[in-house]
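Chemist: In this text, residue positions in the sequence shown follow my numbering: the first is 424, and each later residue adds one.
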Amino acid sequence: MSNFDQQDMSQAVAIIGMSCRFPGADDVSQFWENIAQQVESIAHNGTSVGQASKSDNGQPHFVDVSSGIDNIDMFDASFFGYTPNEAKATDPQHRILLETSYNAFEDAGYVASQFDGLVGAFVGITASSYFHKNIQTNTEQSAKLNAHHILIGNDKSFAATRLAFKMNLTGPAMSVDTACSTSL
Numbered sequence: 424m425s426n427f428d429q430q431d432m433s434q435a436v437a438i439i440g441m442s443c444r445f446p447g448a449d450d451v452s453q454f455w456e457n458i459a460q461q462v463e464s465i466a467h468n469g470t471s472v473g474q475a476s477k478s479d480n481g482q483p484h485f486v487d488v489s490s491g492i493d494n495i496d497m498f499d500a501s502f503f504g505y506t507p508n509e510a511k512a513t514d515p516q517h518r519i520l521l522e523t524s525y526n527a528f529e530d531a532g533y534v535a536s537q538f539d540g541l542v543g544a545f546v547g548i549t550a551s552s553y554f555h556k557n558i559q560t561n562t563e564q565s566a567k568l569n570a571h572h573i574l575i576g577n578d579k580s581f582a583a584t585r586l587a588f589k590m591n592l593t594g595p596a597m598s599v600d601t602a603c604s605t606s607l
């Protein structure tokens, strides 16, 4: 009998569904296909090393590349119980987290109301400039929401608990922030 067989199964952890959104891949299948086909999803914006001046970003060897994911503006606010104004005031990272988490649960065949155990969320996202560039500078938009809604929709510390609330998860909801290794 293996050690796993002898362990208390109430402490077991299972990852049973997956979802992702990467540049050039809106789902896991496309992501793996891109890897297998060696698809480059970084856009070269026309400036090569040596052509870029120090004024581009202050670095002498600046390479002008970018990446982005598609359809970040296609969030279904009503599906997730948001008003249109709340959705606009919510950092796209939070919106994409809800969408990909929902897709992962769908991939797993998980229905929260039909599961007796605990399902938790351990979430890490980066600090974002969305609030400063899109909310703080738009006083008309900001006036439509109270400060509490804006804070919850933009602070990375609320991502896990908001996800747990919206997905009806009953296990731990932890925001994980370990600097550069958060994405791991």
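From the three backbone atoms N, C-alpha and C, an ideal C-beta is built for every residue, glycine too. Just so it is clear, the structure is predicted and the values come from calculations on it, not from any experiment.
Would you decide whether Val542 is buried or exposed? Buried here means 16 or more other CB atoms lie within 10 Å of its CB.
Modeler: Burial call: buried.
Chemist: Taking the Cβ atom as the reference point for each residue, do Ala583 and Ile439 lie within a distance shorter than 7 Å?
Modeler: No, Cβ-Cβ distance for Ala583 and Ile439 is not below 7 Å.
Chemist: Helix, strand or coil for Phe502 per DSSP?
Modeler: Phe502: coil per DSSP, three-state reduction.
Chemist: Determine the contact status of Ile465 and Val436, defining contact as a CB-CB distance below 7 Å.
Modeler: No, they are not a contact pair.
Chemist: Taking only the alpha-carbon atoms, compute the straight-line gap between Gly504 and Leu592 and give it to the nearest angstrom.
Modeler: Cα to Cα, Gly504 sits roughly 16 Å from Leu592.
Chemist: Three-state secondary structure (DSSP) at Ser598?
Modeler: Strand, per DSSP.
Chemist: Which residues in the same chain as Ala550 place their Cβ atom closer than 8 Å to its Cβ, once the five residues preceding and following it in sequence are excluded?
Modeler: Same-chain partners within the cutoff: Lys579.
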